[in-house]
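Chemist: Residue numbers (our numbering): 74 to 538.
The beta-carbon is built from N, C-alpha and C at its ideal position, and this holds for glycine as well.
One structure follows; several queries about it will come next.
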Ligand code: ARG
């Protein structure tokens with residue numbers, strides 16, 4: 074059992090059960106590369122300000138690099154008696170360098186260290202999710218281009234409402250994932266502020282230079298209040314919320330595609346490589362990936378909830394409770410990252426069943442609103458036109474036909490002012506062609522939006538402000 078770095082004041086050894094209860098190495102070892110990077114920047118700063126010599130710094134940096142390599146290649150021993158990733162790396166350094174290794178933790182506490190490591194990890198994770206979201210958006214935009222001529226029923230209340238272009242659906246998801254990217258970029262600005270150099274809670278009497286460390290680690294700013302620096306986990310909550318919102322968007326999309334790929338809807342065929350079968354019913358091709366994307370959203374929501382409750386009512390500054398921030402944020406990231414990794418090829422690989430969609434497009438009187446607007450254009454008050462079209466739909470329902478199948482005489486029996494021009498807006502193609510407003514499913518508007526997205530996504534992702 075390794076001797077504790079903090080053993081000085083203690084006269085009793087730590088109970089083994091306490092070691093098991095308090096350890097975090099089982100989950101925070103994934104911060105090792107960030108911890109090494111932070112320590113190297115810290116050591117170089119200590120050398121610049123004269124708290125260690127350049128030779129000592131050189132040894133520390135070289136040994137930290139060795140340790141990183143060993144962890145990376147699974148050649149590094151972990152032991153819960155050393156608590157966490159910070160202690161493991163520091164102990165290995167001391168084992169190899171003796172007193173030189175004992176100097177690394179000068180003007181530093183694990184409190185500012187762990188927050189620095191986690192911020193660097195969040196930063197990398199945000200960048201990774203941003204790339205994944207851009208891939209998914211590209212898959213949707215490519216579909217929008219290739220499905221551009223497909224008209225589908227648009228739904229409200231999951232009832233057929235108005236015709237829309239399939240491309241309009243795909244671009245709707247691009248918008249949602251764009252907001253997710255913006256949320257991540259915004260969150261990244263608050264992640265990217267450096268706590269290191271605030272020490273345990275009050276700062277230090279040693280002549281450190283935080284600006285050097287900030288620069289070396291690529292942070293935008295230094296945290297301004299030492300009490301705030303080590304206690305702040307707002308950034309973890311924000312990041313996890315941003316991931317929760319991504320998961321919610323993915324879950325809604327997954328639900329929609331599960332429905333659309335049923336025999337009952339028959340709109341969509343999922344790529345078989347992204348489906349699984351049944352152990353007893355030989356005919357089944359199940360949408361398990363989509364179901365799990367939907368299902369795993371529950372975990373992410375739970376992770377956010379865990380963090381919110383964790384942080385409720387903590388006094389300043391660092392409290393050990395904060396160690397519990399890592400499992401939920403890691404889990405949320407792993408879950409959302411894996412879901413996004415599968416979502417993009419699923420979007421690219423699915424096939425719209427154009428014939429099945431077209432064959433049933435005249436059901437549900439999708440052109441009723443277009444007809445109402447036709448009457449409004451001819452001077453009828455909206456409420457009156459709504460009533461007239463309602464009666465025309467009732468007549469069509471009675472005869473079991475579409476609105477376009479009603480004869481002019483049958484229509485005139487309900488609304489005498491109607492003439493042949495009514496047929497200019499009836500049928501889903503004409504109803505959609507009649508649309509003109511900004512952001513609508515009008516073909517020319519959707520084309521404009523496709524071009525806008527293509528231009529936007531072909532550009533490199535803009536660095537956050
Ligand atoms: N493993 C700890 C954490 O994740 C590191 C900080 C421990 N600080 C302390 N004073 N015990 O929060």
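Of the choices 221, 462, 473 and 291, whose alpha-carbon is the least far from that of residue 436?
Modeler: 473
Chemist: So what does residue 236 bridge to, in DSSP terms?
Modeler: 226
Chemist: Would you kindly work out how many angstroms separate the C-alpha atoms of residue 514 and residue 412, rounded to a whole number?
Modeler: 29 Å
Chemist: Closest by CA to residue 469, which one among 211, 304 and 486?
Modeler: 486
Chemist: Taking a contact to mean a Cβ-Cβ separation below 8 Å, would you say residue 257 touches residue 197 in this structure?
Modeler: No Cβ-Cβ contact shorter than 8 Å links residue 257 with residue 197.
Chemist: Going by DSSP in three states, residue 295 sits in which element: helix, strand or coil?
Modeler: DSSP, reduced to helix, strand and coil, places residue 295 within a strand of the structure shown.
Chemist: How about the region 115–122 and the region 130–149: do they share at least three Cβ pairs that are nearer than 8 Å?
Modeler: yes
Chemist: What do you reckon, is the C-beta of residue 184 under 7 Å from a heavy atom of ligand 1?
Modeler: Under cutoff, so the answer is yes.
Chemist: Given this structure, state the Cα-to-Cα distance separating residue 398 from residue 377, to the nearest angstrom.
Modeler: 10 Å
Chemist: Kindly give me the distance between the Cβ atoms of residue 220 and residue 243, rounded to whole angstroms, as I take these residues to be in contact under 8 Å.
Modeler: 7 Å
Chemist: What does the Cβ neighbour count give for residue 216, buried or exposed, with the cut at 16 atoms within 10 Å?
Modeler: buried
Chemist: Pull up the distance between the alpha-carbon of residue 533 and that of residue 306, whole angstroms please.
Modeler: With a pLDDT of 46 at residue 533, under the threshold of 50, the modelled position of this residue cannot be trusted; read the value that follows with caution. In a straight line, the C-alpha of residue 533 is about 30 Å away from that of residue 306.
Chemist: Would you kindly check if the distance between the Cβ of residue 176 and the Cβ of residue 140 is under 8 Å?
Modeler: Cβ atoms of residue 140 and residue 176: not closer than 8 Å.
Chemist: Decide if residue 270 is buried, meaning its Cβ has at least 16 other Cβ atoms within 10 Å, or exposed.
Modeler: buried
Chemist: Using only the alpha-carbon positions, how far apart do residue 123 and residue 173 sit?
Modeler: 14 Å
Chemist: Is any non-hydrogen atom of ligand 1 found closer than 7 Å to the C-beta of residue 159, if you look at the structure I gave you?
Modeler: yes
Chemist: What are the start and end residues of each continuous alpha helix (DSSP H) run of 4 or more residues lying completely inside the region 118–153, in chain order?
Modeler: 127–145
Chemist: Along the chain, where does the alpha helix (DSSP H) containing residue 211 start, and where does it finish?
Modeler: Its alpha helix (DSSP H) spans residues 183–219.
Chemist: Any heavy atom of ligand 1 within a distance shorter than 7 Å of the CB on residue 101?
Modeler: yes
Chemist: Tell me the rounded alpha-carbon separation between residue 148 and residue 372.
Modeler: Near 32 Å, if we compare the C-alpha coordinates of residue 372 and residue 148.
Chemist: Going straight from the alpha carbon of residue 454 to that of residue 331, what length do you get?
Modeler: 41 Å
Chemist: At a cut-off of 7 Å, would you count residue 304 as near ligand 1, judging by its Cβ distance to the nearest heavy atom?
Modeler: no
Chemist: Confirm, please, whether the CB-CB distance from residue 342 to residue 426 is below 8 Å.
Modeler: Yes, they are a contact pair.
Chemist: For residue 82, does the count of other Cβ atoms within 10 angstroms reach 16, so buried, or fall short, so exposed?
Modeler: exposed
Chemist: Is residue 498 helix, strand or coil by DSSP?
Modeler: coil
Chemist: Rounding to the nearest angstrom, what Cα-Cα distance links residue 383 and residue 439 in this structure?
Modeler: 50 Å
Chemist: Got a sec: does ligand 1 put a non-hydrogen atom nearer than 7 Å to the Cβ of residue 154?
Modeler: No, the beta carbon of residue 154 sits no closer than 7 Å to any heavy atom of ligand 1.
Chemist: Taking the C-alpha atoms as reference points, what is the distance between residue 146 and residue 171?
Modeler: 24 Å
Chemist: Assess, as a yes-or-no matter, whether the region 153–173 is touched by the region 99–110 under the definition of 3 or more beta carbon pairs within less than 8 Å.
Modeler: Yes: at least three Cβ pairs fall under 8 Å.
Chemist: According to DSSP, is residue 474 part of a helix, a strand, or is it coil?
Modeler: coil
Chemist: Please state whether the Cβ-Cβ distance between residue 110 and residue 193 is less than 8 Å.
Modeler: yes
Chemist: Cα separation between residue 195 and residue 328?
Modeler: 29 Å
Chemist: Give me the Cβ distance between residue 543 and residue 484, rounded to the nearest whole Å; I'm assuming they're in contact under 8 Å.
Modeler: Nothing can be reported for residue 543: it is not among the residues displayed for the chain, which extend from 74 to 538.
Chemist: What are the complete alpha helix (DSSP H) segments, minimum 4 residues, inside the region 388–459?
Modeler: 399–422, 427–432 and 441–450
Chemist: What distance in whole Å lies between the Cβ atoms of residue 209 and residue 528, which are believed to be in contact at a cut-off of 8 Å?
Modeler: About 18 Å separates the two Cβ atoms, so there is no contact after all.
Chemist: Alpha carbon to alpha carbon, how far is residue 502 from residue 237?
Modeler: 9 Å
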